[in-house]
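In order, the protein sequence lines correspond to chains W and L.
Heads up: the first sequence runs through residues 547 to 663, numbered per the numbering used here.
Heads up: the second sequence runs through residues 6 to 114, numbered per the numbering used here.
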Amino acid sequence: GAVVSQHPSRVICKSGTSVKIECRSLDFQATTMFWYRQFPKQSLMLMATSNEGSKATYEQGVEKDKFLINHASLTLSTLTVTSAHPEDSSFYICSARDRGQRGQPQHFGDGTRLSIL
Amino acid sequence: GQNIDQPTEMTATEGAIVQINCTYQTSGFNGLFWYQQHAGEAPTFLSYNVLDGLEEKGRFSSFLSRSKGYSYLLLKELQMKDSASYLCAVRGNDYKLSFGAGTTVTVRA
């Protein structure tokens, strides 16, 4: 079945560091990828929609200069958390939609646990 | 936008049946999904409904009534490994998923 690979799975770094997270669709083309954030004991909150070849669209309240998204190819989207601070510590999860399967679910990556010291 | 409600917690005994209800109010509807999420892990897909009725997949079934804005996930023959959070998610016409807060199911021996 469709697989989405997300890397790294865990990051621990100092405040002020920028962190890049990669999301790859391994066996399908994804014109659209989604980035979510999940705080402990809360549900997934959509941050932004990543569109191949165009600018990402951000949800209300999400700073586009803070969370940089690049979707350079049909199989890769990256999220960069710039100048991360402790309040950015969270579980970040990407998902991708197979453009050839309109009725199919989004496939999720394994998530990245980001801890900012 | 979407407003999605589901119970916070449910507890059941191993071997029993549990039904998790989900109600939604939506500005656009393009399918309802159920995901399972174990602590510290990403969600895994369980079921998908876009038409009214029941979809059965082994021990898991999901039902949808679009006119009532209602769905349920039925877990049969509960096993200890079924202890997890179950997320109801509605997909809009823009293919964005909106998630409910999740229902934590605890299976007791």
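Backbone N, C-alpha and C fix where the C-beta goes; we use that ideal spot for every residue, glycine too.
The beta strand (DSSP E) spanning residue i covers which residue range?
i: W:Ala642; result: 636 to 643
i: W:Arg570; result: 565 to 571
i: W:Leu590; result: Counting along the chain, W:Leu590 falls outside any beta strand (DSSP E), and DSSP gives it neither H nor E.
i: W:Met579; result: 578 to 584
i: L:Met15; result: 14 to 18
i: L:Thr31; result: 23 to 31
i: L:Tyr75; result: 75 to 80
i: W:Ala602; result: First-last for W:Ala602: undefined, no H or E at that position.
Would residue i be called buried (16 or more neighbouring beta carbons within 10 Å of its own) or exposed?
i: L:Leu102; result: buried
i: W:His553; result: exposed
i: L:Asp87; result: buried
i: W:Ala630; result: buried
i: L:Gln11; result: buried
If you drop the 5 nearest sequence neighbours on each side, which residues of the same chain put their C-beta closer than 6 angstroms to that of residue i?
i: W:Arg645; result: Gln575, Thr577
i: L:Gln24; result: Tyr77, Leu79
i: L:Leu69; result: Leu37, Asn54, Asp57, Ser76
i: L:Ile22; result: Lys81
i: L:Arg64; result: Lys81, Glu82
Less than 7 angstroms between C-beta atoms, sequence neighbours within five positions excluded: which residues of the same chain meet that for residue i?
i: W:Thr563; result: Ala630
i: L:Leu59; result: Ser66, Phe68
Would you please state the rounded distance, in angstroms, between the beta carbons of residue i and residue j? I believe it to be under 8 angstroms.
i: L:Arg113; j: L:Glu19; result: 7 angstroms
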